[in-house]
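Peer 1: Residue numbers (full-length UniProt numbering): 1 to 388.
The structure is given below, and queries will be raised subsequently.
Given below as structure tokens:
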């Protein structure tokens, strides 16, 4: 029979309760530590990862923007870095810089040769599309050729514009003529069909300037060549028809507010059907009757120049073209210019004192009569005379 345990060997109720509470506290602490350990890898590394990812994205974005800026704006220097080091991604300096870089490419137009086909009006074809037949004359910028369109078999005139000797590029007179002729559409005004080049690719003009060709409808003669040849004789019916067509075309120009400023027989073209075409608009200018602006008076060939220009007038009207038409009317009768002088003062003297002795009384009557029922019966001519 065993002996009963001593009081010291028996655990007291208080101590057992103390140990059980302690065990519960320890177990609770261990559980909380385990939960903290499980949570720690998911929270702290995530913050570091987000921080690193944000910095990487900002750096990569900055590199991409710099690379884009260098690609699109190769001719423009990059903005200088701030003296205080790299600023934060959300600083006003970075926002302003990014905004500038985003907007700058808008000012970069298409590169040479990258224009869309819908934006190109002329210049699509090469001069090789035409068969050169021969040289018909010499123009302001180069030679004029008679040619045949290989696609349509139509006869055309090619007016060459050579750029080798032009220090400032395309001749300004050619630009003006092209700009004006594109706004005019009349049966008595020469029709410019298109513009072609001697290069198959427009990029070839970077290495060699080459030449442009203005393509016009073909006319068989010019009035000066016919008068000088002496092979033709114009009767009153011919002269009436020529002047009517010329003045109708000129009246159309004036209604469009253009001054021709170089009307002479060599600029009046004629075909074998008797059709007249007014050509060579290199000296033409836009005219506004409401604005009195000065122009140069060194226009119109001397023999066809009106007295006001000879006297130095710089504010003139379409009447200067009508005077030139009157000189052509007299030349059609006499077969020579009616006022031929070498200097401006001598030209004034001829206009004032010269007697047209070679003009018969009948022709003089036709020239001076202003009645619309006269033999010439050119109503447009008399309307213009009454107007100016």
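All C-beta atoms in this analysis are idealised placements derived from N, C-alpha and C, irrespective of residue type, glycine included.
Enumerated in chain order, which unbroken segments of the beta strand (DSSP E) with a length of 3 residues or greater are wholly contained in the stretch 238 to 292?
Peer 2: 268 to 270, 276 to 278
Peer 1: Is there a Cβ of chain C sitting closer than 7 Å to that of residue 188, yes or no?
Peer 2: As a matter of chain content, chain C is missing from the structure shown, which is built from one protein chain.
Peer 1: If you run the structure through DSSP and keep just helix, strand and coil, what is residue 336?
Peer 2: coil
Peer 1: Would the beta-carbon of residue 170 fall within 7 Å of that of residue 190?
Peer 2: no
Peer 1: When you compare only the Cα positions, how much space is there between residue 290 and residue 315?
Peer 2: Computed Cα separation, rounded: 12 Å.
Peer 1: Measuring straight from C-alpha to C-alpha, what distance separates residue 313 and residue 297?
Peer 2: A direct Cα-Cα distance of roughly 6 Å separates residue 313 from residue 297.
Peer 1: Counting C-beta neighbours from all protein chains within 10 Å, is the total for residue 143 16 or more, i.e. buried, or is it exposed?
Peer 2: exposed
Peer 1: Is the Cβ-Cβ distance between residue 160 and residue 129 less than 7 Å?
Peer 2: no
Peer 1: Round the Cβ separation of residue 146 and residue 136 to the nearest angstrom and send it over; I've been treating them as touching at under 8 Å.
Peer 2: 5 Å
Peer 1: For residue 117, is the classification buried or exposed, using 16 other Cβ atoms within 10 angstroms of its Cβ as the cut-off for buried?
Peer 2: Here the model assigns residue 117 a pLDDT of 39, short of 50, so the residue's position is not dependable and the matter cannot be decided.
Peer 1: If residue 348 sits next to residue 310, beta carbons under 8 Å apart, how far is it from one beta carbon to the other, in whole angstroms?
Peer 2: 5 Å
Peer 1: Short check: CB of residue 212 to CB of residue 239, under 7 Å?
Peer 2: Going by beta carbons, residue 212 and residue 239 fall outside the 7 Å limit.
Peer 1: Given a cut-off of 7 Å, decide if residue 227 and residue 318 are closer than it, judged by their beta-carbon atoms.
Peer 2: It is not a contact, given that the beta carbons lie outside the stated cut-off.
Peer 1: Buried or exposed: residue 134, going by 16 or more other Cβ atoms within 10 Å of its Cβ?
Peer 2: exposed
Peer 1: Measure the C-alpha to C-alpha separation of residue 336 and residue 251 and round it to an integer number of angstroms.
Peer 2: 25 Å
Peer 1: Could you check the C-alpha separation between residue 230 and residue 334 for me, to the nearest Å?
Peer 2: 11 Å
Peer 1: Thinking C-alpha only, which one of 338, 324, 282, 342 is nearest residue 176?
Peer 2: When each option's Cα is compared against that of residue 176, the closest is 282.
Peer 1: Strictly by DSSP, which residues pair up with residue 172?
Peer 2: The partner list for residue 172 (beta bridge, DSSP) is empty, contrary to what the question assumes.
Peer 1: Kindly list the residues whose CB is nearer than 8 Å to the CB of residue 287, restricted to its own chain and excluding five residues on each side of it in sequence; keep chain order.
Peer 2: 254, 257, 258, 259, 317, 318
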